[in-house]
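Peer 1: Listed in order, the protein sequences are those of chains B and F.
Read in order, the letters of the first sequence correspond to residues 2 to 241 in the working numbering.
Read in order, the letters of the second sequence correspond to residues 2 to 241 in the working numbering.
Before I ask anything, let me first share the structure, which is written out below as structure tokens.
2 protein chains.
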Amino acid sequence: MTTSPTVPRTARDRARAEITAEILDAARQHLAREGAAALSLRAVARDVGMVSSAVYRYVPNRDALLTMLIIDAYDSLGAVVEKAESAVAREDRLGRFLAICHAVRGWALAHPHEYALIYGTPVPGYAAPEDTIGPASRVSLLLIGILVDLTASGAAPAPDELDPSVAASIAPVLEFADGRVSDDLMLRGLAAWSGLFGTITFELFGQFHNVVASSQRARKAFFDHQMRQLASGLGLDEAA
Amino acid sequence: MTTSPTVPRTARDRARAEITAEILDAARQHLAREGAAALSLRAVARDVGMVSSAVYRYVPNRDALLTMLIIDAYDSLGAVVEKAESAVAREDRLGRFLAICHAVRGWALAHPHEYALIYGTPVPGYAAPEDTIGPASRVSLLLIGILVDLTASGAAPAPDELDPSVAASIAPVLEFADGRVSDDLMLRGLAAWSGLFGTITFELFGQFHNVVASSQRARKAFFDHQMRQLASGLGLDEAA
DNA sequence: GACCTGTCAAGAGCAGTGCTCTCTTTCCTT
DNA sequence: AAGGAAAGAGAGCACTGCTCTTGACAGGTC
Numbered sequence: 002m003t004t005s006p007t008v009p010r011t012a013r014d015r016a017r018a019e020i021t022a023e024i025l026d027a028a029r030q031h032l033a034r035e036g037a038a039a040l041s042l043r044a045v046a047r048d049v050g051m052v053s054s055a056v057y058r059y060v061p062n063r064d065a066l067l068t069m070l071i072i073d074a075y076d077s078l079g080a081v082v083e084k085a086e087s088a089v090a091r092e093d094r095l096g097r098f099l100a101i102c103h104a105v106r107g108w109a110l111a112h113p114h115e116y117a118l119i120y121g122t123p124v125p126g127y128a129a130p131e132d133t134i135g136p137a138s139r140v141s142l143l144l145i146g147i148l149v150d151l152t153a154s155g156a157a158p159a160p161d162e163l164d165p166s167v168a169a170s171i172a173p174v175l176e177f178a179d180g181r182v183s184d185d186l187m188l189r190g191l192a193a194w195s196g197l198f199g200t201i202t203f204e205l206f207g208q209f210h211n212v213v214a215s216s217q218r219a220r221k222a223f224f225d226h227q228m229r230q231l232a233s234g235l236g237l238d239e240a241a
Numbered sequence: 002m003t004t005s006p007t008v009p010r011t012a013r014d015r016a017r018a019e020i021t022a023e024i025l026d027a028a029r030q031h032l033a034r035e036g037a038a039a040l041s042l043r044a045v046a047r048d049v050g051m052v053s054s055a056v057y058r059y060v061p062n063r064d065a066l067l068t069m070l071i072i073d074a075y076d077s078l079g080a081v082v083e084k085a086e087s088a089v090a091r092e093d094r095l096g097r098f099l100a101i102c103h104a105v106r107g108w109a110l111a112h113p114h115e116y117a118l119i120y121g122t123p124v125p126g127y128a129a130p131e132d133t134i135g136p137a138s139r140v141s142l143l144l145i146g147i148l149v150d151l152t153a154s155g156a157a158p159a160p161d162e163l164d165p166s167v168a169a170s171i172a173p174v175l176e177f178a179d180g181r182v183s184d185d186l187m188l189r190g191l192a193a194w195s196g197l198f199g200t201i202t203f204e205l206f207g208q209f210h211n212v213v214a215s216s217q218r219a220r221k222a223f224f225d226h227q228m229r230q231l232a233s234g235l236g237l238d239e240a241a
């Protein structure tokens, strides 16, 4: 899961891999039920029938456990969203965008604590290590893919004139697109990205209380409408 | 601060109010430095020179302390944003919107832990009591105010046709506007609201790493551009 | 002025946490 | 079979939130 230990050779290696998986599994269940704050190494140890100090043979510390769960969560979300997006015809770019949005929301509602772990308040004193950035960018890459296809098909909206300092500010993400997306479209894409996760975060973290009706149907209708609004900001219209 | 104990009469009442304020102050400092997760009643007690059990005379429990800090944070944010917005000419609606956005962001950058407390992952097992909803809606009310003025001035964009279920989903927030804002405009306003906080949350929680350049100037230029983009979705244009 | 009552600080204690260190057992390799 | 590495167990440290009891003191009343 973390640094793939090649193929397990000896029985000991196998046992080690199995127990590590068991620990991760127990941790995942705790996370799903009570959230990251309540995740305790001792409770996990109890679940797998070990004494607390024994888990330290498998996991260096609590933060490392969290890192594994974070990567796990990003991968779980990424897989779900990629699958949903791939089921839509390539030329239906609005459909692809909406599929991504609804897949993210569906996953978030099904795994609220995992969502909070990766998109909520960062764990204090915890700095996400480099190995998280790969899994973390799977959803973004899908979105950029739509921008690239939109540009290639010539359907992208005419770029606005931009202040050079604004264009310079998004230099990092422009590298991902490697010149295949205009500055202006990338900025619109970033707005859609922030809007997507901002809306889901608000819904999940309770900011829609007294704002949007709380029934599942209302929430979904609202979300769908807002995502279409974001899509039209990208120039993705019904007439695909 | 919580339930105003009228005017302190006896010396005892005065002492009690003073010590309570001292405790809150120490808690606020801890929150600002280490964040909500690290906020411990014992540490607060040490700061004010008391033994841990003594604080329980003044604060029922840790959650109650958090509630007070949450209300505090909402009020602090609300005051800053209201002041910034009120400094702009009423007819300059784009200016008012941008003033709100930049004020929220400025406050968030200056008080990251307070921001995380109110807009980040909810504290597990903690349900925000009713007395937080007043302070919590100060920013939203300013935004709605702009929508109302926009409508009254006749400058609002022509409403799109809406699916009735979408319009129904935002019934709660429409009550705040009391018929002075169309369903369509309110939905656009909600998108701006989510976009504003989504962008700030992303910036603060590290999601812009490798996406937006990390210098203060780049971040601000980017933010300003994104907020103008949101404003144009509301029909707020330069030519106010 | 004496007395009762309510308030408050303090201490001990419970159950829990992350993590380290040491000791013993187990199992794999040579 | 022997040596050594890996794994489990236990004790312990320094914390946490929270409760209960004890003793000191101040406020208002008789």
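The C-beta atom is built at its ideal place from N, Cα and C for all residues, glycine as well.
Does any residue of chain F have a CB that is nearer than 8 Å to the CB of B:Gln30?
Peer 2: Taking Cβ atoms only, chain F never reaches closer than 8 Å to B:Gln30, which makes this a no.
Peer 1: Run through chain F and tell me which residues come within less than 7 Å of B:Asn62, C-beta to C-beta.
Peer 2: Within 7 Å Cβ-Cβ: nothing; B:Asn62 doesn't reach chain F, min ~16 Å.
Peer 1: Counting beta carbon pairs with one atom in the region 221 to 232 of chain F and one in the region 128 to 143 of chain F, are three or more of them shorter than 8 Å?
Peer 2: Touching, no, given that fewer than three Cβ pairs across the two stretches are closer than 8 Å.
Peer 1: Does the beta carbon of F:Ser170 come closer than 8 Å to any beta carbon on chain B?
Peer 2: Yes, because at least one Cβ of chain B sits closer than 8 Å to the Cβ of F:Ser170.
Peer 1: Starting from the C-beta of F:Ser215, find all residues in its chain whose C-beta is less than 8 Å away, skip the five residues before and the five after it, and write them out in chain order.
Peer 2: Answer for F:Ser215: Phe209, listed in chain order.
Peer 1: So, is the C-beta of F:Val149 closer than 8 Å to a C-beta in chain B?
Peer 2: It does not: the Cβ of F:Val149 has no partner Cβ on chain B nearer than 8 Å.
Peer 1: Would you mind telling me which residues of chain B sit closer than 9 Å to F:Leu188, beta carbon to beta carbon, in chain order?
Peer 2: Within chain B, the residues near F:Leu188 are Phe223, His226, Gln227 and Gln230.
Peer 1: Spell out a yes or no on whether the region 161 to 180 of chain B and the region 94 to 101 of chain F are touching, meaning 3 or more CB-CB pairs, one atom from each, closer than 8 Å.
Peer 2: No: the two stretches stay apart, fewer than three of their Cβ pairs being nearer than 8 Å.
Peer 1: Please list, in chain order, the chain F residues whose beta carbon lies closer than 7 Å to that of B:Pro173.
Peer 2: Going along chain F in sequence order, the residues near B:Pro173 (Cβ under 7 Å) are Asn211, Val212, Val213 and Ala214.
Peer 1: Considering only the beta carbon of each residue, do F:Tyr57 and F:Arg139 sit closer than 8 Å?
Peer 2: No, they are not a contact pair.
Peer 1: Under 7 Å between beta-carbons, which chain F residues line up against B:Val167? List them in chain order, please.
Peer 2: Result: Ala222, Phe223 and His226.
Peer 1: Could you tell me the alpha carbon to alpha carbon distance between B:Val81 and F:Phe203, rounded to whole angstroms?
Peer 2: Distance between the alpha carbons of B:Val81 and F:Phe203: 22 Å.
Peer 1: Whole angstroms are fine: how far does the CA of F:Arg63 sit from the CA of F:Met2?
Peer 2: With a pLDDT of only 40 at F:Met2, under 50, the local geometry of the prediction cannot be trusted, and the value read off the model is given with reservation. Distance between the alpha carbons of F:Met2 and F:Arg63 is about 16 Å.
Peer 1: Please state whether DSSP places B:Glu23 in a helix, a strand or coil.
Peer 2: Here B:Glu23 sits in helix by DSSP.
Peer 1: Closer than 8 Å, CB to CB, is B:Thr133 near chain F or not?
Peer 2: No, its Cβ sits nowhere closer than 8 Å to a Cβ of chain F.
Peer 1: Using the three-state DSSP reduction, which class does B:Gln230 fall into: helix, strand or coil?
Peer 2: Correct three-state label for B:Gln230: helix.
Peer 1: For F:Ala88, does the three-state DSSP call read helix, strand or coil?
Peer 2: Looking at F:Ala88 - three-state DSSP - the assignment turns out to be coil, as it is neither helix nor strand.
Peer 1: Between which two residues does the alpha helix (DSSP H) holding B:Tyr57 run?
Peer 2: No alpha helix (DSSP H) holds B:Tyr57; DSSP gives it neither H nor E.
Peer 1: Indicate, with yes or no, if the ligand HEM has a heavy atom lying under 7 Å from the CB of F:Ala27.
Peer 2: The model on display carries no ligand, and the ligand HEM is accordingly not part of it.
Peer 1: Between the alpha carbons of B:Arg218 and F:Ala219, how many angstroms are there, rounded?
Peer 2: Each residue's alpha carbon lies about 40 Å from the other.
Peer 1: Have a look at B:Asn211, B:Val212, B:Leu197 and B:Phe206 and flag the residue whose alpha-carbon is nearest the alpha-carbon of B:Gly234.
Peer 2: B:Gly234 has its Cα closest to that of B:Leu197, out of B:Asn211, B:Val212, B:Leu197 and B:Phe206.
Peer 1: Taking the continuous alpha helix (DSSP H) assigned at B:Ala168, which residues delimit it?
Peer 2: Here the alpha helix (DSSP H) through B:Ala168 covers Pro165 to Ser170.
Peer 1: Using the beta-carbon count (16 or more within 10 Å), is F:Thr4 buried or exposed?
Peer 2: Note that F:Thr4 has pLDDT 38, beneath the 50 cutoff, so the model's placement of it is unreliable and the number below is only indicative. Exposed is the call here.
Peer 1: Return no unless some Cβ of chain B is closer than 8 Å to the Cβ of F:Gly79.
Peer 2: No, because no Cβ of chain B sits closer than 8 Å to the Cβ of F:Gly79.
Peer 1: Which residues in chain F sit within 8 Å of B:Asp164, going by Cβ to Cβ distance?
Peer 2: Going along chain F in sequence order, the residues near B:Asp164 (Cβ under 8 Å) are Ala222 and His226.
Peer 1: My assumption, with CB atoms under 8 Å, is that B:Ala37 sits in contact with B:His112. Please give the rounded CB distance.
Peer 2: In fact, because the Cβ distance is near 12 Å, the residues do not count as touching under 8 Å.
Peer 1: In angstroms with no decimal places, state the Cα-to-Cα distance between B:Pro49 and B:Glu19.
Peer 2: The question names Pro, yet the displayed sequence has Val at residue 49 of chain B. So the alpha carbons of these two residues sit roughly 11 Å apart.
Peer 1: Considering only residues of the same chain and omitting the five flanking positions on each side of B:Val89, which have a CB-CB separation below 6 Å?
Peer 2: Result list for B:Val89: Gly96, Arg97 and Ala100, in chain order.
Peer 1: Of all the options F:Leu144, F:Ala22, F:Ser170 and F:Ala12, which has the alpha carbon lying nearest to the alpha carbon of F:Met69?
Peer 2: When only C-alpha atoms are compared, the closest one is F:Ala22.
Peer 1: Tell me which residues share the same chain as B:Tyr120 and place their Cβ nearer than 7 Å to its Cβ, disregarding the 5 neighbours each side in the sequence.
Peer 2: Excluding positions up to five away in sequence, the list reads Phe198 and Thr202.
Peer 1: Can the beta-carbon of F:Arg94 be found closer than 8 Å to that of F:Leu151?
Peer 2: Cβ atoms of F:Arg94 and F:Leu151: closer than 8 Å.
Peer 1: What are the boundary residues of the alpha helix (DSSP H) that F:Val45 is part of?
Peer 2: Looking at the DSSP string, the run of the alpha helix (DSSP H) that includes F:Val45 is Leu42 to Asp48.
Peer 1: Three-state secondary structure (DSSP) at F:Ala157?
Peer 2: Three-state result, F:Ala157: coil.
Peer 1: What three-state label does DSSP hand B:Ser183 in the structure shown?
Peer 2: Note: B:Ser183 maps to coil in three-state DSSP.
Peer 1: Any Cβ of chain B within less than 8 Å of the Cβ of F:Ala111?
Peer 2: No, because no Cβ of chain B sits closer than 8 Å to the Cβ of F:Ala111.
Peer 1: Residues in the region 100 to 124 of chain B with C-beta within 8 Å of chain F's C-beta atoms, listed in sequence order?
Peer 2: Listed by position, the residues of the region 100 to 124 of chain B near chain F (Cβ gap below 8 Å) are Ala117, Tyr120, Gly121, Thr122, Pro123 and Val124.
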